[in-house]
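Going left to right, the sequence shown walks through residues 9 to 318 as the working numbering numbers them. C-beta atoms are modelled at their ideal positions from N, C-alpha and C, and glycine is treated no differently.
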Amino acid sequence: MTSGGGEPRRWCAEHSADRLDQYVATVTGVSRSQVQRLIRAGAVLVNGEVARPSAAVRTGDEIEARLPTAADDVIRPEPVPLRVVYESADVIVVDKPAGILVHPAGNVRSGTLVNAILYHYPEVATVGPVGRQGVVHRLDKDTSGLLIFARSSNGLRLMQEQFRKHEVAKTYLALLVGELNPAAGVIDAPVGRHPFERQRMAVVRQGGRPARTQYRVLEVFPGYCYVQAHPLTGRTHQLRVHFAAVGHPVAGDPVYGDGRGELGLKRQFLHAHALQFRDPGGAMVAVQSPLPEDLSEVLSSLRSSSAGEG
């Protein structure tokens, strides 16, 4: 590989893309024009081979890029507290609080889970692209719950493969506006970028990616229902988009619902409650995260009000 001036980074593509240059620029934060120059110089390989800037990227492609590292681009380790619920030689599972980003984005370069992971697990510094070291999957900033990080390059590759094959079982708990009917089922609707508001996702019949969500209503309250949800695919904002599309947005959702004012919620009532997967070392792992206090208090209040009305 021709040198691009920095350490080589290797990762598996989490999703497909029409163009290699655009994909690498999005993932790494390096400008597209600079990425194009690096690709033409042979500093970016796809599955071990030199490619064109216009080459398509397929899910699972192995990308290797030698990118220049400026001082401002370094993601610094920071002693951000971590609640680790499982760890092995290859993976770490953390219980993410609401209000924290998974990885640096835009002008936010500190205070993220990646900054914390690099502090507590320095070996992760060379696992995956800069700024997303160790990241296997993501949660929205204001969604709490379980998140897997890779501790080794082998762990990253094998965990991304499990997600790609839909072999990781994910369980979420959510409070929805209104009452879902039927009380159990599957929402099957493709998800893609909103045609006019590009920062949002939407159910898109043409050009959307297949998306399926299994759900079950656990409790019903006046004006709300508490549900367990299993995303059978892993699209951006999938649960929030699917429930809003059927007329029952997540309570407190400022983007796909009515906002943050209801029930005193300061964020969407959505929690990544459980994960089941195979550790790259071979063991089956099942972990759970209890409902955090802010959401638990809302649920208790609804139960009390419902009992009082009864």
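Residue i, buried or exposed, once every other Cβ within 10 Å from all chains shown has been counted against 16
{"i": "Gln207", "result": "exposed"}
{"i": "Asp98", "result": "buried"}
{"i": "Lys104", "result": "buried"}
{"i": "His256", "result": "buried"}
{"i": "Ser297", "result": "buried"}
{"i": "Thr67", "result": "exposed"}
{"i": "Lys178", "result": "buried"}
{"i": "Glu5", "result": "With the chain covering only 9 through 318, there is no way to say anything about residue 5."}
{"i": "Asp26", "result": "exposed"}
{"i": "Leu226", "result": "exposed"}
{"i": "Ala291", "result": "exposed"}
{"i": "Glu22", "result": "buried"}
{"i": "Ala182", "result": "buried"}
{"i": "Gln44", "result": "buried"}
{"i": "Ala192", "result": "exposed"}
{"i": "Gln276", "result": "buried"}
{"i": "Phe157", "result": "buried"}
Supposed close pair residue i, residue j - CB separation, criterion 8 Å
{"i": "Leu154", "j": "Val93", "result": "7 Å"}
{"i": "Gly139", "j": "Val122", "result": "7 Å"}
{"i": "Met209", "j": "Arg201", "result": "6 Å"}
{"i": "Val258", "j": "Gly265", "result": "6 Å"}
{"i": "Leu273", "j": "Gly260", "result": "3 Å"}
{"i": "Ala124", "j": "Leu90", "result": "5 Å"}
{"i": "Leu283", "j": "Val58", "result": "Not really, about 38 Å apart at Cβ, beyond 8 Å."}
Those residues which DSSP pairs with residue i across a bridge
{"i": "Asp287", "result": "Partner(s): none; Asp287 has no beta bridge."}
{"i": "Ser3", "result": "Since the first residue of the chain shown is 9 and the last is 318, residue 3 is not available in this structure."}
{"i": "Glu227", "result": "Tyr234"}
{"i": "Glu72", "result": "Arg18 and Leu53"}
{"i": "Ile100", "result": "Glu95 and Phe157"}
{"i": "Tyr180", "result": "Ala237 and Ala280"}
{"i": "Asp261", "result": "BP columns for Asp261 are empty, so no partner."}
{"i": "Ile195", "result": "Thr221"}
{"i": "Gly200", "result": "Ala210"}
{"i": "Met292", "result": "Arg286"}
{"i": "Ala64", "result": "Ala64 is not bridged to any residue."}
{"i": "Ala25", "result": "Val65"}
{"i": "Ala113", "result": "Val116"}
{"i": "Val185", "result": "Tyr232"}
{"i": "Val58", "result": "Leu53"}
Close Cβ partners of residue i (< 8 Å) along its chain, the five nearest in sequence each way excluded
{"i": "Tyr180", "result": "Gly153, Gln236, Ala237, His238, Pro239, Leu247, Leu278, His279, Ala280 and His281"}
{"i": "Asp287", "result": "Ser96, Asp98, Val99 and Val293"}
{"i": "Val116", "result": "Leu109"}
{"i": "Phe229", "result": "Leu310, Arg311, Ser313 and Ser314"}
{"i": "Leu166", "result": "Asp98 and Pro288"}
{"i": "Pro203", "result": "Ala210 and Val212"}
{"i": "Arg40", "result": "Asp29, Gln30 and Ala33"}
{"i": "Arg48", "result": "Pro61"}
{"i": "Gly231", "result": "Val185 and Gly186"}
Chain B contact for residue i (CB, 8 Å cutoff)
{"i": "Leu184", "result": "You won't find chain B in this structure, because it holds only one protein chain."}
Pick from the options that is closest to residue i, judged by C-alpha positions
{"i": "Ile195", "options": "Leu183, Glu205, Pro203 and Val211", "result": "Val211"}
{"i": "Gly216", "options": "Pro112, Val143, Val199 and Ser41", "result": "Val199"}
{"i": "Thr241", "options": "Gln222, Leu46 and Leu164", "result": "Gln222"}
{"i": "Pro218", "options": "Glu227, Arg224, Gly231 and Arg243", "result": "Arg243"}
{"i": "Ile83", "options": "Ala59, Gly142, Ser39 and Arg91", "result": "Gly142"}
{"i": "Asn6", "options": "Leu46, Gln42 and Ile71", "result": "Coverage of the chain is limited to positions 9 through 318, which leaves residue 6 absent and any answer about it impossible."}
{"i": "Val88", "options": "Asp69, Ser62, Gly119 and Val102", "result": "Gly119"}
{"i": "Asn189", "options": "Leu53, Tyr129, Tyr234 and Glu270", "result": "Tyr234"}
{"i": "Val135", "options": "Tyr129, His111, Asp150 and Ser160", "result": "Ser160"}
{"i": "Arg172", "options": "Val101, Asp302, Phe285 and Gln42", "result": "Phe285"}
{"i": "Glu187", "options": "Phe251, Pro61 and Phe157", "result": "Phe251"}
{"i": "Leu164", "options": "Lys149, Leu303 and Val144", "result": "Val144"}
{"i": "Val65", "options": "Ser39, Val32 and Ala49", "result": "Val32"}
{"i": "Leu271", "options": "Leu184, Gln214 and Arg213", "result": "Leu184"}
{"i": "Asn162", "options": "Glu131, Gly267, Thr151 and Lys149", "result": "Glu131"}
{"i": "Asp69", "options": "Ser24, Arg48 and Ala49", "result": "Ser24"}
Close-in-space but distant-in-sequence residues of the same chain around residue i (CB under 6 Å, 5 per side omitted)
{"i": "Pro85", "result": "Leu126 and Tyr127"}
{"i": "His174", "result": "none"}
{"i": "Pro137", "result": "Arg17, Trp19, Val35 and Thr36"}
{"i": "His245", "result": "Met209"}
{"i": "Val176", "result": "Gln170 and Phe285"}
{"i": "Ser62", "result": "Arg27"}
beta-carbon residue i near the ligand ZN non-hydrogen atom, thresh 7 Å
{"i": "Gln276", "result": "By its list of ligands, the structure shown contains no ligand whatsoever, and the ligand ZN lies outside what it can speak to."}
Contacting residues, own chain, Cβ-Cβ under 7 Å from residue i (five flanking each side not counted)
{"i": "Val249", "result": "Val199, Met209, Ala210, Val211 and Tyr264"}
{"i": "Ala133", "result": "Leu126 and Gln141"}
{"i": "Asp80", "result": "Because the pLDDT of Asp80 is 46, which lies under 50, any placement of that residue in the model is unreliable, and the question is left without a value."}
{"i": "Asp150", "result": "Ala106, Gly107, Arg275 and Gln276"}
{"i": "Ala197", "result": "Val211, Ala219, His250 and Ala253"}
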